[in-house]
Amino acid sequence: MPIFIICCVLLTTLVQTQSLYLPLLNIEWVWMAGVGLAGAFLLAGCLKKLSSSIWHDGFSCGLLWAWYGYWEPLFSKGSPMFHVFPIYYALLCSWMLWAFIHKSTQFDQASRDALIYLQHYLSRFDTCLVASLVLISLALPEHYLLYPIAMTLFVIRSTLQRCLEIVSQPA
Numbered sequence: 018m019p020i021f022i023i024c025c026v027l028l029t030t031l032v033q034t035q036s037l038y039l040p041l042l043n044i045e046w047v048w049m050a051g052v053g054l055a056g057a058f059l060l061a062g063c064l065k066k067l068s069s070s071i072w073h074d075g076f077s078c079g080l081l082w083a084w085y086g087y088w089e090p091l092f093s094k095g096s097p098m099f100h101v102f103p104i105y106y107a108l109l110c111s112w113m114l115w116a117f118i119h120k121s122t123q124f125d126q127a128s129r130d131a132l133i134y135l136q137h138y139l140s141r142f143d144t145c146l147v148a149s150l151v152l153i154s155l156a157l158p159e160h161y162l163l164y165p166i167a168m169t170l171f172v173i174r175s176t177l178q179r180c181l182e183i184v185s186q187p188a
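Numbering (the numbering used here), first residue to last: 18 to 188.
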C-alpha cells in the first residue's frame with residue numbers, strides 16, 4: 018500500500034497547512050470520482066482483473082479522498098479526526114508493509130502454518146466483503162468511528178492476504 022501511504026501523508030500535509038487546495042476536495046464531483054474510482058478498483062479486484070496489491074492500494078486511495086471530501090463539510094472546522102486519521106492510516110500501513118509484507122518471505126514454517134490456519138478461519142471475512150463494508154461505512158458519517166474501524170480491518174485483512182500470497186508462491 019505504498020501509494021495509499023503517500024496519499025495519507027499528502028492529505029495530512031494539506032490539512033495541517035490548511036492548503037488552498039483543500040476546498041477542491043469538497044466539490045461533489047471530486048469526492049464522487051473518488052468513490053467511483055474505489056468502486057472500480059473493488060470490482061476489478063473481486064473479479065480478479067487486478068493483483069491484490071494494486072486494487073487494495075487504488076481502493077484505499079479513492080476512499081481516502083472521498084472520505085475527506087464527503088465528511089469534512091459535515092463536521093466542525095478544524096475537527097481533529099481529519100488531522101489524526103490520515104496519520105494513523107499512514108503509520109498503520111507502513112508498519113504492516115515493512116513488518117509483515119516485506120518480511121513474509123522470511124517466515125519460518127510455523128509462522129507460515131499459522132498464517133494458513135488464520136486465513137482458513139478468516140475466509141468468511143473475504144477482502145472484498147471487508148472492502149464493501151468500508152464503502153458502506155463511508156455513507157454513514159453519523160457513525161464517525163465506523164469508517165476508521167472498517168478501514169483498519171481492511172488494512173489488516175489485505176495484509177494477511179498479501180502475506181499469504183507471497184508465502185504461497187513457489188520459491
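Where is the CB? At the ideal position from N, CA and C, for every residue including glycine.
Reduced DSSP secondary structure (H/G/I, E/B, other) of residue i
i      : result
Gly51  : helix
Pro40  : helix
Tyr138 : helix
Ala199 : Only positions 18 to 188 of the chain appear in this structure, which leaves residue 199 out of reach.
Tyr164 : helix
Gly62  : helix
Ser93  : coil
Phe171 : helix
Exposed unless 16 or more other CB atoms sit within 10 angstroms - verdict on residue i
i      : result
Met168 : buried
Glu45  : exposed
Trp48  : buried
Phe92  : exposed
Extent of the continuous alpha helix (DSSP H) to which residue i belongs
i      : result
Thr29  : Pro19 to Gln33
His73  : Ser69 to Trp88
Tyr106 : Met98 to Met113
Ile118 : Careful: Ile118 lies outside any alpha helix (DSSP H) and carries neither H nor E.
Gln186 : That residue, Gln186, is in no alpha helix (DSSP H); it is neither H nor E in DSSP.
Own chain residues within Cβ distance below 6 Å of residue i, not counting five before or after
i     : result
Gly62 : Trp72
Own chain, CB closer than 8 Å to residue i, minus 5 neighbours either side, in chain order
i      : result
Glu182 : Ser69
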